[in-house]
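In what follows, a structure is listed as structure tokens, so that the remarks can point back to it.
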Amino acid sequence: VPWVWRLDVLIRMIRSGPIYIRVMALNALSTYLTDLWKTSQSRLDEQTIQLVGHVGEILDTELVEYILGPSCHPEIIVSSASIVGYLVLSHTRTEHLLDRLWTSIDCSQDHRVTDALARVIDSAISIFQQEELALLCAKFELLQTSRFSPVVRSLWQSLIQEMVNKAQLGNRALTSQPFLSALRILR
15 VPWVWRLDVL IRMIRSGPIY IRVMALNALS TYLTDLWKTS QSRLDEQTIQ LVGHVGEILD
75 TELVEYILGP SCHPEIIVSS ASIVGYLVLS HTRTEHLLDR LWTSIDCSQD HRVTDALARV
135 IDSAISIFQQ EELALLCAKF ELLQTSRFSP VVRSLWQSLI QEMVNKAQLG NRALTSQPFL
195 SALRILR
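Count along the sequence shown from 1, add 14, and you get the number used in the working numbering.
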């Protein structure tokens, strides 16, 4: 199947080689995933839905650990935002994805990596479901206050705003997590 070959080649290029080759491969993969997602939304047949899920599983098992790792180059992380978006939209182990992102934010010794990861989450914040936003909000409660860089603080503000927006759109009450998170930050 040609898409398996294409995906395999792009993943190998992203994981090794000079930085400009990695970024080029990430951009090609992002374009491919965008086209695949658009096609899947126009053709809702069983085969296309299975393809979207299968591609998400391949990305999750072969690429996520690398591009969201605490030692990955910040430029690679930022360039992978559409891959993270694809995984969220295709509902491919989103909780695992959030855990991986948060572990890298919490463990990275390089503030540039932390900021890049926060930017990636912030760019995808509007496509998360309410439950996923609550899970992400709970993770902020465990973050050391010294790790709150301006970019991480901006992510927190976007997260709280998105939770409020989704609660209003769904005509639901907001959970207590954003309030508890805000209290912790204020202390």
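We treat Cβ as the ideally placed atom computed from N, Cα and C, and that holds for glycine.
(message) Quick check on E145: buried or exposed, where buried means 16 or more other Cβ atoms within 10 Å of its Cβ?
(response) E145 comes out exposed.
(request) Within the same chain, show all residues whose beta-carbon is closer than 8 Å to that of L101, passing over the 5 residues directly before and after it, in chain order. (result) Taken in chain order, the residues that qualify are G70, L73, D74, V78, R107, T108 and L111.
(request) Out of A187, C121, I28 and R36, point me to the one whose CA is closest to S160's CA. (result) The residue among A187, C121, I28 and R36 with its C-alpha nearest the C-alpha of S160 is C121.
(message) Is P88 near the ligand GDP - that is, is its Cβ less than 8 Å away from at least one heavy atom of it?
(response) With respect to the ligand GDP, the structure offers nothing, as it holds no ligand at all.
(request) State yes or no: is the C-beta of N41 within less than 9 Å of the C-beta of S118? (result) No.
(message) Let me check understanding here. Comparing Cα to Cα, which of H105, Q61, S44 and L58 lies closest to A95?
(response) Checking every option, the nearest Cα to that of A95 belongs to S44.
(message) Give the list of continuous alpha helix (DSSP H) stretches no shorter than 4 residues that lie fully inside the segment 40–83.
(response) Listed in chain order, the complete alpha helix (DSSP H) runs (minimum 4 residues) inside the segment 40–83 are 60–76 and 78–81.
(message) Once the 5 residues before and after L131 are set aside, which same chain residues still bring their CB inside 8 Å of it?
(response) These residues qualify, in order along the chain: L82, I91, L115, S118, I119 and S122.
(request) Out of L188, A196 and E76, point me to the one whose CA is closest to L157's CA. (result) The residue with the shortest Cα to Cα distance from L157 is A196.
(message) Which of the three DSSP states is assigned to A187 in this structure?
(response) Here A187 sits in coil by DSSP.
(message) If contacts are defined as beta-carbon pairs under 8 Å, then Y80 and R29 qualify, I think. What distance do you get, rounded to the angstrom?
(response) Contact holds; Cβ gap of about 6 Å.
(request) Measure the beta-carbon distance from A138 to G99 and round it to whole angstroms, keeping in mind my assumption that it falls under 8 Å. (result) Confirmed, Cβ separation roughly 5 Å.
(request) My understanding is that S172 touches H125, with C-beta atoms under 8 Å, so please give their C-beta distance in whole angstroms. (result) Actually they do not touch by this definition, with Cβ atoms about 19 Å apart.
(request) Apply the 10 Å Cβ neighbour rule to F193 and answer buried if 16 or more other Cβ atoms are within range, or exposed otherwise. (result) With fewer than 16 other Cβ atoms within 10 Å, it is exposed.
(message) Considering just the uninterrupted stretch of the alpha helix (DSSP H) at L157, what are its terminal residues?
(response) Where L157 is concerned, there is no enclosing alpha helix (DSSP H), given that its DSSP letter is neither H nor E.
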